[in-house]
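Engineer: Under numbering that gives the first Met the number 0, the residues of the sequence shown are numbered 0 to 177, in order. Here a beta-carbon is modelled for each residue, glycine too, at the ideal position from N, C-alpha and C. Predicted model, so just to flag it, every value in this text is computed and none were measured. Let me begin by handing over the structure; questions about it come next.
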Amino acid sequence: MDSSDDEGEEYLFKVVIIGDSAVGKSNLLSRYARNEFNLHSKATIGVEFQTQSMEIDGKEVKAQIWDTAGQERFRAVTSAYYRGAVGALVVYDISRSGTFESVTRWLEELNTHSETTVARMLVGNKCDLDNIRAVSVEDGKNLAEKHGLFFMETSALDSTNVKTAFEMVIKEIYNNVS
Ligand code: GDP
Ligand code: MG
Numbered sequence: 000m001d002s003s004d005d006e007g008e009e010y011l012f013k014v015v016i017i018g019d020s021a022v023g024k025s026n027l028l029s030r031y032a033r034n035e036f037n038l039h040s041k042a043t044i045g046v047e048f049q050t051q052s053m054e055i056d057g058k059e060v061k062a063q064i065w066d067t068a069g070q071e072r073f074r075a076v077t078s079a080y081y082r083g084a085v086g087a088l089v090v091y092d093i094s095r096s097g098t099f100e101s102v103t104r105w106l107e108e109l110n111t112h113s114e115t116t117v118a119r120m121l122v123g124n125k126c127d128l129d130n131i132r133a134v135s136v137e138d139g140k141n142l143a144e145k146h147g148l149f150f151m152e153t154s155a156l157d158s159t160n161v162k163t164a165f166e167m168v169i170k171e172i173y174n175n176v177s
């Protein structure tokens, strides 16, 4: 926090996106930050984070949202990735149950690396693929409830709930610190 600005306090929060490979993490971020979607996206090496602002209580709140840039394929998301994170989106793909089964492991990894309260949301992405759904909404809700997470199904492809999901996490972080 920095109060050098005449207009009041400034907030900058680090948010991480985790989850198995190809669940749509990079596309959720590009949809939120740039309103872009890529059908054939490859793991982008190099792009570490995007910064996005929103207003809460008349204050500018900035979120620095980190993408794994494909590290998760090697099951080795580094501790630097988690360092200082105060929010997390834990993403699975509703059309692949294996990615849902991995959620618990991702949550454990997150817990291991976090030093403070982390606002966490479970995100069932690719809800546009309802015709090949492998994880029910109910199962998603139940898992979220069990671990005390927010829950939302999203689609980076058609934009469903993407903005809402990120903004809910950012608002919760704000509530946690203010
Ligand atoms: P990441 O490995 O978790 O970063 O996943 P990507 O963002 O690279 O996405 C993996 C693949 O899933 C790409 O082919 C995307 O086009 C596709 N994808 C991502 N989000 C969605 C979505 O909401 N709906 C559908 N149908 N495909 C998606
Ligand atoms: Mg990616």
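#1: Which first and last residues belong to the alpha helix (DSSP H) in which Arg145 is found?
#2: Less than 8 Å between the C-beta atoms of Ala133 and Ser101, yes or no?
#3: Do you know how far the Cα of Arg33 is from the Cα of Arg119?
#4: Can you give the beta carbon distance from Tyr31 to Phe165, rounded, assuming they're within the 8 Å contact cut?
#5: In terms of DSSP beta bridges, what is Arg95 paired with?
#6: In or out: Ser52 buried (at least 16 other Cβ within 10 Å) or exposed?
#7: Please say whether Val89 and Gly18 have beta carbons closer to each other than 8 Å?
#8: May I have the straight-line CA-CA distance separating Phe149 from Leu121, to the nearest angstrom?
#9: How long is the line joining the alpha carbons of Ser135 and Ser20, rounded to whole angstroms?
#10: Short of 6 Å in beta carbon distance, which residues of its chain neighbour His112, apart from the five on each side in sequence? Order them along the chain.
Structural biologist: In short:
#1: Residue 145 is actually Lys in this sequence, not Arg. Segment 136-146, the alpha helix (DSSP H) holding Lys145.
#2: Result no, Cβ atoms of Ala133 and Ser101 do not sit closer than 8 Å.
#3: When rounded, the distance between both Cα atoms is 22 Å.
#4: Contact flag correct, Cβ pair sits at about 5 Å.
#5: According to DSSP, Arg95 bridges with nothing at all.
#6: An exposed status is given to Ser52, since fewer than 16 other beta-carbon atoms sit within 10 Å of its beta-carbon.
#7: In this structure, Gly18 lies near Val89, with their beta-carbon atoms less than 8 Å apart.
#8: Between Phe149 and Leu121, the C-alpha separation is close to 6 Å.
#9: Answer to the nearest angstrom: the Cα atoms are 20 Å apart.
#10: Closer than 6 Å at Cβ, skipping near neighbours: Ser78, Tyr81.
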